[in-house]
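S.K.:
Residue numbers (the numbering used here): 1 to 389.
(1) Report yes or no: do three or more beta-carbon pairs, one from the stretch 158-167 and one from the stretch 128-145, lie closer than 8 Å?
(2) In the DSSP assignment, find the beta strand (DSSP E) that holds residue 32 and state where it starts and stops.
(3) Just to confirm, are residue 227 and residue 257 a CB contact at a threshold of 8 Å?
(4) At 4 residues or longer, and completely inside the stretch 236-320: list those alpha helix (DSSP H) runs for me, N to C.
(5) Kindly list the residues whose CB is nearer than 7 Å to the CB of residue 242, restricted to its own chain and excluding five residues on each side of it in sequence; keep chain order.
(6) Looking at the strands, I want to know which residues DSSP matches up with residue 384.
(7) Taking the C-alpha atoms as reference points, what is the distance between residue 43 and residue 135?
(8) Between residue 198 and residue 274, what straight-line distance do the alpha-carbon atoms span, to the nearest angstrom?
(9) Please report how far the alpha carbon of residue 28 lies from the alpha carbon of residue 190, in whole angstroms.
(10) What residue from 325, 12, 295, 47 has the CA that sits closest to residue 75's CA?
(11) Give a yes or no on whether the minimum CB-CB distance between residue 372 and chain C is below 8 Å.
(12) Expressed to the nearest angstrom, what Euclidean distance is found between the alpha-carbon atoms of residue 95 and residue 155?
(13) Look up residue 84 in the DSSP assignment and say whether it is helix, strand or coil.
(14) Give me the Cα-Cα distance between residue 173 and residue 49, rounded to the nearest whole angstrom.
(15) Evaluate residue 323 with the Cβ neighbour count: other Cβ atoms within 10 Å of its Cβ, from every protein chain shown; 16 or more gives buried, anything less gives exposed.
(16) Check whether the Cβ atoms of residue 255 and residue 127 lie closer than 8 Å to each other.
(17) Starting from the N-terminal side, write out each stretch of the beta strand (DSSP E) that is 3 residues or longer and does not extend beyond the stretch 132-185.
(18) Do you know how far the Cα of residue 87 is from the Cα of residue 208?
(19) Compare the C-alpha of residue 72 against each of 351, 102, 145 and name the closest.
(20) Residue 327 by DSSP, collapsed to three states: which one?
(21) Ends of the beta strand (DSSP E) at residue 358?
(22) Measure the CB-CB distance between residue 79 and residue 145 and report whether it falls below 8 Å.
(23) Can you grab the Cα-Cα spacing for the pair residue 185 / residue 129, in whole Å?
(24) Alpha helix (DSSP H) containing residue 412: first to last residue?
(25) Only counting the same chain, and skipping five residues up and downstream in sequence, which positions put a Cβ closer than 6 Å to that of residue 6?
(26) Specify the secondary structure class of residue 124 as computed by DSSP and reduced to three states.
(27) Residues in its own chain within less than 6 Å of residue 377 by CB, not counting five upstream and five downstream?
(28) Since residue 197 is in the beta strand (DSSP E), which residue starts that stretch and which ends it?
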């Protein structure tokens, strides 16, 4: 039996794979696309239950003619080789060509269409989170770091809240149904003010359970608001689309659910100080007003004398005003009387003139009367009749 080192065996496997598959074209659906700062692309091809890691070096990736994304169906051209550091075989591709929409993405779009038709994707349907939750339900793996991160932030921000953990599987084929059972448990319990569905980071493939239609409907139609925190900022699951709120990480979910206790306590202290200051100002104003009224009550005789003197002063001012007004009116009447008397016709008669009246009226022209006519003559002190010669 030949004895080999690990490195030696890996080298032989790599040579064997290179000889056996020097040039292949592999078709599959992209379940993951990662391009770190190095510029190399790391893809995960999926077909049913099978998957294949694929590497595209920086220079080849830079010459791509389209931007592959998760859910696309593609053909990767390259060679098969071994990756000794991790003891696995993978495809080293130099070209990635699009074929069309993958099966997973097609099913995902169908689920979204049905949810849209039922109004479950409408943003207006989202319910607000409680400001000060007393009980928070968490559907997650009890052994994962996600729960510990959530609990740590909850203790820092709002230690008074009670956390109800509904254990569930958050990865794999049974994850969707497991999360549904956890939600059912929390919904039936009824004590939670809000529910958080969370898990740690993972690939797009790891997040497939959270595109499940049944799980989405349980999240959307629950009796209390639900926060989805199952991916990263670049990943959006169907669970995120139907949840009442979305967070990128378990810690971010806790920060969204719980108010910041220390800051809230500081605001309460500031409000208390402001109320105290307002109370002191109000009491001071009332005290000064009471002092003023008390001073008046202690000297009622002086107040009465002041009021009597004020009344006498006002009476004198009124008398002077009335007298002055009457004098002005009397002088005005006298002036008008003199003007009327100056214009009176009786003043003219006093100077020796007379007014002659015929039956037809005042005579202004001798032609208006004839010899023998009787006329009336008005003088200053009476009237007499005369006959025209």
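Positions of the beta carbon are idealized from the N, C-alpha and C atoms, including for glycine.
M.R.: Considering the structure as presented:
(1) Taking 8 Å as the limit for Cβ pairs, the verdict is that the stretch 128-145 does touch the stretch 158-167.
(2) Within the chain shown, residue 32 is the residue found at index 32, counting from 1. In the DSSP annotation of this structure, the continuous segment of the beta strand (DSSP E) that includes residue 32 starts and ends at 24-34.
(3) Here residue 227 corresponds to residue number 227 of the chain shown, with the count starting at 1. Here residue 257 corresponds to residue number 257 of the chain shown, with the count starting at 1. Yes, the Cβ-Cβ distance between residue 227 and residue 257 is below 8 Å.
(4) If we require 4 residues or more, the alpha helix (DSSP H) runs fully inside the stretch 236-320 come out as 238-242, 250-257, 261-298.
(5) Locating residue 242 in the chain shown gives position 242, where the first residue counts as 1. Take residue 242, set aside five residues on each side of it, and the residues of its chain with a beta-carbon closer than 7 Å to its own are 115, 120, 121, 216, 219, 220, in chain order.
(6) As a first step, residue 384 is located in the chain shown; it is residue number 384 there, counting from the start. Residue 384 pairs with 377.
(7) Position 43 of the chain shown, counting from 1, holds the residue named residue 43. Position 135 of the chain shown, counting from 1, holds the residue named residue 135. Counting only the Cα atoms, residue 135 lies some 42 Å from residue 43.
(8) Translated into the one-based positions of the chain shown, residue 198 becomes position 198. Translated into the one-based positions of the chain shown, residue 274 becomes position 274. Computed Cα separation, rounded: 41 Å.
(9) Along the chain shown, one-based indexing puts residue 28 at 28. Along the chain shown, one-based indexing puts residue 190 at 190. Cα to Cα, the separation comes out at about 44 Å.
(10) Residue numbering aside, residue 75 sits at position 75 when the chain shown is read from its first letter. The closest CA to that of residue 75, considering only 325, 12, 295, 47, is found on 47.
(11) You won't find chain C in this structure, because it holds only one protein chain.
(12) Here the question's residue 95 lines up with position 95 in the chain shown. Here the question's residue 155 lines up with position 155 in the chain shown. Near 50 Å, if we compare the C-alpha coordinates of residue 155 and residue 95.
(13) As a first step, residue 84 must be located in the chain shown, where it is residue number 84. Three-state result, residue 84: coil.
(14) Start at 1 with the first residue of the chain shown, and residue 173 comes out as number 173. Start at 1 with the first residue of the chain shown, and residue 49 comes out as number 49. Between residue 173 and residue 49, the C-alpha separation is close to 10 Å.
(15) As a first step, residue 323 is located in the chain shown; it is residue number 323 there, counting from the start. Its Cβ having fewer than 16 others within 10 Å, residue 323 is exposed.
(16) On the chain shown, residue 255 is found 255 positions in, with the first residue counted as 1. On the chain shown, residue 127 is found 127 positions in, with the first residue counted as 1. It is not a contact, given that the beta carbons lie outside the stated cut-off.
(17) If we require 3 residues or more, the beta strand (DSSP E) runs fully inside the stretch 132-185 come out as 135-140, 162-167.
(18) For the purposes of this step, residue 208 is taken as residue 208 along the chain shown, with counting starting at 1. For the purposes of this step, residue 87 is taken as residue 87 along the chain shown, with counting starting at 1. When rounded, the distance between both Cα atoms is 26 Å.
(19) Along the chain shown, read from residue 1 onward, the residue named residue 72 stands at position 72. For residue 72, the closest C-alpha among the options 351, 102, 145 is that of 102.
(20) Sequence index remark: in the chain shown, residue 327 carries index 327 (1-based). In this structure, residue 327 counts as helix in the three-state DSSP scheme.
(21) Position 358 of the chain shown holds residue 358. Per DSSP, the unbroken beta strand (DSSP E) holding residue 358 starts and ends at 355-358.
(22) Along the chain shown, read from residue 1 onward, the residue named residue 79 stands at position 79. Along the chain shown, read from residue 1 onward, the residue named residue 145 stands at position 145. In this structure, residue 145 does not lie closer than 8 Å to residue 79 by Cβ.
(23) In the chain shown, residue 185 corresponds to position 185, counting from 1. In the chain shown, residue 129 corresponds to position 129, counting from 1. Cα to Cα, residue 185 sits roughly 20 Å from residue 129.
(24) Residue 412 lies beyond the residue range present for the chain, which begins at 1 and ends at 389; the question has no answer from this structure.
(25) Within the chain shown, numbered from 1, the residue matching residue 6 stands at position 6. Excluding the 5 residues flanking it on each side, residue 6 has no same chain C-beta neighbour closer than 6 Å.
(26) Here residue 124 refers to the residue found at position 124 when the chain shown is read from its first residue. Assigned with DSSP and collapsed to three states, residue 124 falls in helix.
(27) Here residue 377 corresponds to residue number 377 of the chain shown, with the count starting at 1. For residue 377, the CB contacts under 6 Å within the same chain, skipping 5 residues up- and downstream, are 354, 356, 384, 386 in chain order.
(28) Stepping through the chain shown from its first residue, residue 197 is reached at position 197. In this chain, the beta strand (DSSP E) harbouring residue 197 covers 194-198.
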